[in-house]
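Visitor:
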Amino acid sequence: MPQLEDKVAIITGAAQGIGRAVAKSYVQEGAKVVVADLLADEAAVLCDELNSEYGSSNLPVAIPVATDVSDKSSVNDMVARTLEAFGRIDILVNNAALWKALERAEFWTIPEEEWDQVFAVNTRGPFLCSSAVTPIMQEQNKGKIICIGSATIWTAQATLTHYVSSKAALIGMVRCMARDLGPHNICVNLVHPGITDTGGTSREYLEERSKRRFIPRVQEPTDLTGACVFFGSDASDFVTGQQLNVDGGIVMA
Numbered sequence: 015m016p017q018l019e020d021k022v023a024i025i026t027g028a029a030q031g032i033g034r035a036v037a038k039s040y041v042q043e044g045a046k047v048v049v050a051d052l053l054a055d056e057a058a059v060l061c062d063e064l065n066s067e068y069g070s071s072n073l074p075v076a077i078p079v080a081t082d083v084s085d086k087s088s089v090n091d092m093v094a095r096t097l098e099a100f101g102r103i104d105i106l107v108n109n110a111a112l113w114k115a116l117e118r119a120e121f122w123t124i125p126e127e128e129w130d131q132v133f134a135v136n137t138r139g140p141f142l143c144s145s146a147v148t149p150i151m152q153e154q155n156k157g158k159i160i161c162i163g164s165a166t167i168w169t170a171q172a173t174l175t176h177y178v179s180s181k182a183a184l185i186g187m188v189r190c191m192a193r194d195l196g197p198h199n200i201c202v203n204l205v206h207p208g209i210t211d212t213g214g215t216s217r218e219y220l221e222e223r224s225k226r227r228f229i230p231r232v233q234e235p236t237d238l239t240g241a242c243v244f245f246g247s248d249a250s251d252f253v254t255g256q257q258l259n260v261d262g263g264i265v266m267a
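First residue of the sequence shown: 15, per the numbering used here; consecutive thereafter.
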């Protein structure tokens, strides 16, 4: 039996990379998904692929919603569109993040505007999205919120202080949200990927870094799907406030 049968999931930043892989795995496990992303064309292409293989024009399993997670009105529209299409929200995957476009720099040279932009997407985004779905999940007396962090918080990635700090902030946020939402049977957990081949880093660099892993290969977006399916499924109903490193052992190296 599919692990996510009849569940409805919002996945932010799902047009590419890790979010795309999670969206595909969720549909394969029986869920309906909202592909929430600023990359509207790419989101629509993914939904067309998923509906062609798993759904139909009359009964879609995936819909695209153009979403800026740093903007409250955009997030509220995302939630409204989800309810209009599918009638409920069971899972939120806070995956959208800003990092590919960032200039590598020592922390004292990072412009304040860039620092604020990174936190607006990577930290305020999960806060806004989680806040928006909480009333629906409370009414349902059940829900799953999954945040995508980063193994860089353990390795102190050089020249990315703004990115690393924005991801580290999710630890406290997830723990506090888990405490607040536990009485409503809403579980909140955090998944930390290692450096992953999402198209923003050269393959040569990824292969070199992979030599440090216990499992010495390049990490692919699909390596995250098992953890995200587990945290979205009924199998994790008594697991909350937790962090899981999915990195091939790189933070132990």
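Ideal Cβ positions, reconstructed from N, Cα and C, are used throughout, including at glycine.
Within the continuous beta strand (DSSP E) that includes D51, where are the two ends?
Guide: K46 to D51
Visitor: So the candidates are R193, S164 and G101; which of them puts its Cα closest to the Cα of I150?
Guide: In terms of Cα proximity to I150, the closest of R193, S164 and G101 is G101.
Visitor: Leaving out the 5 sequence neighbours to the left and right, which residues in its chain are closer than 8 Å to R95 when beta-carbon positions are compared?
Guide: Beyond the five residues adjoining it in sequence on each side, R95 comes within less than 8 Å, by CB distance, of V48, I77 and V79 in the same chain, given in chain order.
Visitor: Three or more C-beta pairs closer than 8 Å, one from the stretch 27-35 and one from the stretch 216-225: is that the case here?
Guide: no
Visitor: Near W129, what residues of its chain come up, given a Cβ to Cβ distance below 8 Å and the 5 sequence neighbours on each side ignored?
Guide: H176
Visitor: State the Cα-Cα distance for the pair G196 and T254, rounded to the nearest angstrom.
Guide: Rounded to whole angstroms, the gap between the alpha carbons of G196 and T254 is 8 Å.
Visitor: For the beta strand (DSSP E) that contains N203, what are its first and last residues?
Guide: From DSSP, the beta strand (DSSP E) with N203 extends over I200 to P207.
Visitor: Going by DSSP in three states, L112 sits in which element: helix, strand or coil?
Guide: If DSSP states are grouped into helix, strand and coil, L112 belongs with coil.
Visitor: So, do the stretch 230-238 and the stretch 171-188 have three or more beta carbon pairs nearer to each other than 8 Å?
Guide: The answer is no - the stretch 171-188 does not touch the stretch 230-238, with fewer than three Cβ pairs under 8 Å.
Visitor: Give me the Cα-Cα distance between T169 and L73, rounded to the nearest whole angstrom.
Guide: 45 Å
Visitor: Are the stretch 31-41 and the stretch 56-69 touching, with three or more C-beta to C-beta distances below 8 Å?
Guide: yes
Visitor: Mind reading off the beta-carbon distance from F245 to N199? Whole number of angstroms is fine, and I expect it under 8 Å.
Guide: Actually they do not touch by this definition, with Cβ atoms about 14 Å apart.
Visitor: Measuring CA to CA, which of G163, L53, N65 and L52 is closest to V41?
Guide: N65
Visitor: Identify whether N90 lies in helix, strand or coil by the three-state DSSP scheme.
Guide: helix
Visitor: Please state whether the Cβ-Cβ distance between L116 and V132 is less than 8 Å.
Guide: yes
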